[in-house]
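Worksheet for the structure shown next.
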Amino acid sequence: MNVDTIIANARAATGLEDLGDPSQLEGLPILVKASNEEARLSERGAAMWEQSITNNLINRMKVVDYAKKHPELLERPIEKPTFVFGLPRTGTTLTINLLSADPARRCYRRFESLNSVPPPGPDYKSDERYINEVARGEMALKYMPHIAAIHWEDADSPSEDQFSMAQSFCSQVYDSQVHIPSYREWFFQADYKPAFRFQKQILQVLQEKVGGKWTLKNPWHPLFLNDLTTVFPDAELVMTHRDPVEVVGSACSLLKAVRPMYSDSMDPGEIAECLLQTFDQMIARSNAYREKHGEDAIFDIQYAAQLKDPIGTQRALYERFGTPFTPEAQAGMEAMMAFNPKGKHGKHEYTLEEFGLSAKWVRNHFKEYTDRFSIPVKDAD
């Protein structure tokens, strides 16, 4: 892979030249170098990986161009956006799906995440992008049902806003999909504000025809909460928590399912190392943010409590941020729960041992975290 070739291909595909703010592209050569030297990409995987990077650049250029042609959109505020985050597999998806069922909210939907312009209107189900994403999902269910059982998004489900950050090449999604430890090292130390500024630009463009209270999800945001709240100073922060024994095993299993798409050399030990390093950083940085801004700077949700009483948990979240919990919001959430029962796309099975870990080790490693947040845990025997 070559950075110049990727840029040339994106320009050829779009007929556009402007890549946007150069400060938002620092990660691109770092990502490409790590991919070439560390990822052990298969021939097919390398082609897919390069196309994925190119597609991110293509959408970025289209958003930049659309914003230049409609500069008034960049004057429209993003008011009190809600950001849901937490260690992956802690219920961030359930939380964002519940919130997105409130008709007063606006989420970053899967079908528009990598094909964002022109901004879709309210009648999006006739939009070719939505129709194509539905078809892609049907293919995924047919040929990759094991991944669907772990994590599933409908075409108009709220997607993770790390896919918007990926268009600035500063996103943990890359480190999840392939083995690129040098990119991870850079990512941990990166200035994330440029990526958040471009995310804000995407949101300002997307809300042209469909407004509402922006409600976003990205498990990895604890890594950069200070940068997030610099760009979105009135953001409402929500963090989910779950027994780390379940979190680590489930997250490792997801990466184990995804990485073989790009590489024939998948090492479970590398997956465990990658995620444990990242989780430790996420916990330390979210704790530091609380110490700086106060414990109530982040609203906490326990996975077990939300499973037991999803409506009550959401009611408490709304009360915390002074948002009216309307009958329409409750009805939407109840309908969402009825339509999406747990295990709808199959049962997710995994063990810690396949990644060289044990429940006892994980329990001890995360003891300070579970104690601090009184997270219900199972016996580690």
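The sequence shown begins at 0 in numbering that gives the first Met the number 0 and counts up by one.
For glycine and all other residues, C-beta sits at the position ideal for the given N, C-alpha and C.
Proximity winner among 209, 317, 164, relative to residue 217 (alpha-carbon distances): As a first step, residue 217 is located in the sequence shown; it is residue number 218 there, counting from the start. Ranked by Cα distance from residue 217, the options 209, 317, 164 are led by 164.
CA nearest to the CA of residue 89, picked from 58, 241, 8: Counting from 1 along the sequence shown, the entry for residue 89 is found at position 90. Selected option, being the one with the closest Cα: 241.
Nearest to residue 36 (by Cα), restricted to the options 1, 86, 47, 353: Within the sequence shown, the letter at position 37 stands for residue 36. Ranked by Cα distance from residue 36, the first of 1, 86, 47, 353 is 1.
Terminal residues of the alpha helix (DSSP H) in which residue 79 lies: Counting from one through the sequence shown, the residue named residue 79 turns up at place 80. Segment: none, residue 79 is in no alpha helix (DSSP H) and carries neither H nor E.
Residue nearest to residue 333 in terms of C-alpha spacing, selected from 308, 38, 179, 201: Position 334 of the sequence shown, counting from 1, holds the residue named residue 333. Nearest C-alpha to residue 333 among 308, 38, 179, 201: 308.
Residue 96 versus residue 159 - alpha carbon distance: Here residue 96 corresponds to residue number 97 of the sequence shown, with the count starting at 1. Here residue 159 corresponds to residue number 160 of the sequence shown, with the count starting at 1. Using only the alpha carbons, I get a separation of about 11 Å.
Per-residue DSSP class, three states only, for residue 345: For the purposes of this step, residue 345 is taken as the residue at position 346 of the sequence shown. Low confidence applies here, because residue 345 scores a pLDDT of 49, under 50, leaving its location unreliable; read the following figure in that light. In the structure shown, residue 345 sits in coil (DSSP, three-state: anything other than H, G, I, E or B).
Presumed contact (8 Å Cβ cut-off) between residue 26 and residue 168, rounded CB distance: Numbered from its first residue, the sequence shown carries residue 26 at position 27. Numbered from its first residue, the sequence shown carries residue 168 at position 169. The pair is a contact, with the Cβ atoms about 4 Å apart (cut-off 8 Å).
Residues that residue 104 bridges to, as DSSP identifies them: Mapped onto the sequence shown, residue 104 falls at position 105. In DSSP, residue 104 forms a bridge with 212.
Nearest candidate by alpha-carbon position, reference residue 238, set 282, 229, 262: By one-based count along the sequence shown, residue 238 stands at place 239. Measuring from the Cα of residue 238, the nearest candidate turns out to be 282.
Cβ shell of residue 55 (< 6 Å), same chain only, five flanking positions each side left out: The residue labelled residue 55 in the question sits at position 56 within the sequence shown. If you ignore the 5 residues before and after residue 55, its C-beta comes within less than 6 Å of the C-beta of 165, 166, all in its own chain and listed in chain order.
Residue 238 (DSSP reduced to helix, strand or coil): By 1-based counting over the sequence shown, the position of residue 238 is 239. It is a strand residue.
Sequence-distant residues of the same chain with beta carbon closer than 7 Å to residue 201, five excluded per side: On the sequence shown, position 202 is the one that residue 201 refers to. Only 62, 115, 163 meet the Cβ criterion.
Residue 381 to residue 176 span [Cα, whole Å]: In this structure the chain extends from 0 to 380, so residue 381 is not present and cannot be described.
Residue interval of the alpha helix (DSSP H) (run including residue 313): Taking the sequence shown and counting its residues from 1, the one referred to as residue 313 is at position 314. Its alpha helix (DSSP H) spans residues 309 to 319.
DSSP-derived helix/strand/coil call for residue 162: In the sequence shown, counting from the first residue as 1, residue 162 sits at position 163. Helix.
Residue 170 burial status per 10 Å Cβ neighbour count (16 or more: buried): Position 171 of the sequence shown, counting from 1, holds the residue named residue 170. Classification of residue 170: buried, given that the 10 Å Cβ count is 16 or more.
Cβ separation of residue 191 and residue 29, assumed to be a contact under 8 Å, to the nearest whole Å: On the sequence shown, position 192 is the one that residue 191 refers to. On the sequence shown, position 30 is the one that residue 29 refers to. About 14 Å separates the two Cβ atoms, so there is no contact after all.
Cutoff 6 Å; reference residue 228; Cβ partners in own chain excluding five residues on either side: Working through the sequence shown from its first residue, we reach residue 228 at position 229. If we look at residue 228 and ignore the five residues flanking it on each side, its Cβ neighbours are 234.
Helix, strand or coil at residue 381 according to DSSP, with G and I counted as helix: Coverage of the chain is limited to positions 0 through 380, which leaves residue 381 absent and any answer about it impossible.
Cutoff 7 Å; reference residue 369; Cβ partners in own chain excluding five residues on either side: As a position in the sequence shown, residue 369 is number 370, starting the count at 1. 243, 376.
The stretch 72 to 81 / the stretch 285 to 292 touching (three or more Cβ pairs under 8 Å): At 8 Å Cβ cutoff, the stretches do not touch.
Backbone secondary structure at residue 355 - three-state DSSP: Indexing the sequence shown from 1 puts residue 355 at position 356. DSSP places residue 355 in coil when its eight states are reduced to three.
Inside the stretch 108 to 145 only - alpha helix (DSSP H) runs reaching at least 4 residues: Assignment of alpha helix (DSSP H) within the stretch 108 to 145, counting only whole runs of 4 or more residues, yields 109 to 112, 127 to 142 in chain order.
Span separating the alpha-carbon of residue 75 from that of residue 106: The sequence position of residue 75 within the sequence shown is 76, counting from 1. The sequence position of residue 106 within the sequence shown is 107, counting from 1. Residue 75 and residue 106 have their alpha carbons spaced roughly 17 Å apart.
The beta strand (DSSP E) enclosing residue 206, as first and last residue numbers: Counted from its first residue, the sequence shown places residue 206 at position 207. Element bounds for residue 206: n/a, residue is neither H nor E.
Assigned secondary structure, residue 299 (DSSP; H/G/I helix, E/B strand, else coil): The residue given as residue 299 occupies position 300 in the sequence shown. Three-state result, residue 299: strand.
Rounded Cβ spacing between residue 268 and residue 209 (contact assumed at less than 8 Å): For the purposes of this step, residue 268 is taken as the residue at position 269 of the sequence shown. For the purposes of this step, residue 209 is taken as the residue at position 210 of the sequence shown. Your pair residue 268 and residue 209 does not check out as a contact, with CB atoms roughly 45 Å apart and the cut at 8 Å.
Candidates 256, 117, 305, 246, of which the one nearest residue 279 by Cα: Looking up residue 279 in the sequence shown gives position 280. Selected option, being the one with the closest Cα: 246.
Beta-carbon proximity list for residue 220, same chain, < 7 Å, skipping 5 on both sides: Here residue 220 corresponds to residue number 221 of the sequence shown, with the count starting at 1. Once the five neighbours on either side are set aside, the close Cβ partners of residue 220 are 82, 84, 227.
Of the residues 24, 53, 118, the one placed nearest residue 65, counting alpha carbons only: Taking the sequence shown and counting its residues from 1, the one referred to as residue 65 is at position 66. Of the listed residues, the one whose Cα sits closest to residue 65 is 118.
8 Å contact criterion, which residue 350 and residue 248 should meet: CB distance rounded: Translated into positions along the sequence shown, residue 350 becomes position 351. Translated into positions along the sequence shown, residue 248 becomes position 249. Taking C-beta atoms under 8 Å as the contact rule, residue 350 and residue 248 qualify, at a distance of about 7 Å.
Where residue 319 falls, given that 16 or more other Cβ within 10 Å makes a residue buried: Along the sequence shown, one-based indexing puts residue 319 at 320. Exposed is the call here.
Supposed contact pair residue 102 and residue 331 - C-beta distance, whole angstroms, cut 8 Å: Indexing the sequence shown from 1 puts residue 331 at position 332. Indexing the sequence shown from 1 puts residue 102 at position 103. Right, their Cβ atoms sit about 6 Å apart.
From 98, 205, 336, 31, residue whose alpha carbon lies closest to that of residue 214: The residue labelled residue 214 in the question sits at position 215 within the sequence shown. It is 98 whose Cα lies nearest to the Cα of residue 214.
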